[in-house]
Amino acid sequence: MAQHDILINWSPQETRVALIEQGAVQEVLLERTLERGLVGNIYLGRVQRVLPGMQSAFIDVGLERTAFLHVADLLPQINARYGGARPSEAEAAPVPPIERQIFGGQSLLVQVLKDPIGTKGARLTAQISIAGRLLVFLPQDNHVGVSQKIPTAQREALRQRLLALVGEGGGGFILRTNAEDASDEELADDIAYLRKTWARIRERAVQEAPPALLYQDLSLAQRVLRDMAGAQTRSIQVDSREQFAALHAFAQEFTPQVADRLVLYRGERPLFDQYRVDEEIERALGRRVDLKSGGYLVIDQTEALTTIDVNTGGFVGVRNFDDTVFRTNLEAAQAIARQLRLRNLGGIVIIDFIDMVRDDHREAVLAELRKQLARDRVKTVIGGFSPLGLVEMTRKRTRESLAQMLTEPCPACDGRGRVRTTGTVCYDILREILREARAFNPREFRIIAAPQVIERFLDEESTHLAGLSDFIGKPISLQSESSMTQEQYDIVLL
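Residue numbers are given in full-length UniProt numbering: position 464 of the sequence shown equals residue 464, and the series is strictly consecutive.
Structural data, given as structure tokens:
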């Protein structure tokens, strides 16, 4: 894999990360402060009140409202030792009533299952789990398992590998779906990181007085150090002195191998401007992607799938049409792989390359696409050319796409990308007035619509409007409303 640089742009409201490889932006990650929930946070709480009738308790964890804990989310023993292993015989035993397990004023180690909503406090569990990049750690359990989403044939082999790596260190682990192709070294690093994290939580639980926050799910910048930074990383540039200090302390404890690559950016221009990242983000929100050769891609994202159409555009080639098509498709294969990463497009992707006559050209384009996709940290599966000349592939969904995070459906067209013409809207209005005239007997009809629709009624459709007025025997007046979109209108009965 080629060398790359990681840029971290921090502000109080938002953290943005860009991965730069060969001078081009390859990935963009975003995290907004207001959208970060509490799920996964671990607290040392104090039991405020036990409710035997509801088999639940209210726990003070230091939030605005007390949090809620149900008996089903308790460990089968009192959680007073801050992380003792769950006794195996208790798993099969009946669950004791909550009033026999906890009491008012007791300190309790808990984790947030659901964020507070409205007037409801957070939902808690005493069954702690800590998610890593590849594994989920269950410190109070001894179970070692594999995600059910991984094919059955591979599951047992992966479980045996994991058992050998876990050793006698204690705690249970579940191998996540994205760890299906992970190496033993990567798994061992994740095991070490998770155990170190749990040791720090237990240490703080003994030192702190409840209520206290003991562990917060990693921030985007911390996840970047854990998941993205590696041997191929030249530098990790941070534009905030405060965040640089915090990340350096985190790296020294949990990812010492990349701590020396952290750099505090001191340039006069904003960090993302220096590398033109904002320009790339703007282009990544558009449908069209221009290629250096003069060809271009058209990318359309829907709920079901993403389609990518390759066009020659102004590229005429140097020898013949077949050569032009082949070169455009080769360049498109490279651009497509980058756009999938940059836009974080997941699910089914259908690629319509320009038709190629020669089989060797088709195989070369497919080989180039596979080569470029091999650099992707997200799992991809790609098929060959279909009888219709399409390439179908899948890319694992890891989070919302860039467009979903930064944009919302247009209020004028509701995300369709098209709006009804002024003529169509005018005829809709005329039909609606005719329906209303048959059902009601007002003194007058008034049309309230967008300026461009009213203008059409005064010009091209004036004859039709007058004809309808004569036919129903009622006057029809017009009122322009600049706040309305082209498709919006109201018919008022006066």
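For glycine and all other residues, C-beta sits at the position ideal for the given N, C-alpha and C.
Since we're looking at a predicted model, the values are computed, not measured.
- Using a 10 angstroms sphere on the CB of Gly172, the tally of other CB atoms reaches 16 or more, which defines it as buried.
- Taking one beta carbon from each stretch, the region 412-423 and the region 444-463 have 3 or more pairs nearer than 8 Å; the two touch.
- One alpha carbon belongs to Ile102, the other to Gly415, and they sit about 52 Å apart.
- Residue range Leu402 to Leu406 is occupied by the alpha helix (DSSP H) that includes Met405.
- By the Cβ rule, the region 222-230 does not count as touching the region 199-213, because fewer than three pairs are nearer than 8 Å.
- By the C-beta density criterion, Pro139 is buried, having at least 16 other C-beta atoms within 10 angstroms.
- In the pairwise beta carbon analysis, the region 326-339 is classified as touching the region 362-373: at least three pairs are separated by under 8 Å.
- Taking Asp184 as the centre and dropping the five residues before and after it, the same chain places the C-beta of Arg161 and Leu165 closer than 8 Å to its C-beta, in chain order.
- DSSP, read as helix, strand or coil, puts Glu27 in strand.
- Contact between Gly23 and Tyr43 does not hold, since the beta-carbon distance rounds to 45 Å and is not under 8 Å.
- Rounded to the nearest whole angstrom, the C-alpha separation of Glu282 and Leu402 is 10 Å.
- Here Asp490 carries a strand assignment [DSSP, helix/strand/coil].
- Looking at the backbone, the Cα of Val95 and that of Ala72 are separated by about 8 Å.
- Taking a 10 Å sphere around the C-beta of Met54, we find fewer than 16 other C-beta atoms and assign the residue as exposed.
- Note that the region 23-34 does not touch the region 194-208; fewer than 3 beta-carbon pairs, one per stretch, sit closer than 8 Å.
- A direct Cα-to-Cα measurement between Thr398 and Ile128 gives close to 23 Å.
- Per the coordinates, the alpha-carbon of Asp5 lies some 11 Å from the alpha-carbon of Val17.
- Our two residues, Val263 and Glu400, have alpha carbons roughly 29 Å apart in a direct line.
- Lys396 places its beta carbon 8 Å or farther from that of Pro442.
- Residue pairing by DSSP places Ala212 opposite Leu44 in a beta bridge.
- The residues Ala337, Thr380 and Ile382, in chain order, have a CB closer than 7 Å to that of Leu373 in the same chain once the five nearest residues on each side in sequence are set aside.
- Between Tyr265 and Ile20, the CB-CB gap reaches or exceeds 8 Å.
- Here Lys292 carries a coil assignment [DSSP, helix/strand/coil].
- It is roughly 20 Å from the alpha-carbon of Phe250 to the alpha-carbon of Val136.
- Distance from Leu74 to Ala126 at the Cβ level is roughly 5 Å; contact confirmed, criterion being Cβ atoms closer than 8 Å.
- For the options Gly467, Gln404 and Pro409, the alpha carbon positioned closest to that of Arg431 is the one of Gly467.
- Nearest in C-alpha terms to Asn9, of all of Ile472, Glu64 and Arg241, is Arg241.
- When DSSP reads this structure, Val136 sits in a beta bridge with Ala131 and Ile174.
- Taking C-beta atoms as the reference points, Ile433 and Ile476 count as a pair closer than 8 Å.
- Asp239 counts as buried, since at least 16 other C-beta atoms from the protein chains shown sit within 10 angstroms of its C-beta.
- Note on geometry: alpha-carbon atoms of Val258 and Phe58 lie some 42 Å from one another.
- Rounded to whole angstroms, Gln48 and Tyr215 show a C-alpha spacing of 21 Å.
- When the beta-carbon positions are compared, Ile191 and Ser147 stay at least 8 Å from each other.
- If only complete runs of 4 or more residues are kept, the region 228-275 shows the alpha helix (DSSP H) at 241-254 and 271-274, in order along the chain.
- By the 16-neighbour rule on beta-carbons within 10 angstroms, Ser462 is exposed.
- DSSP, reduced to helix, strand and coil, places His70 within a strand of the structure shown.
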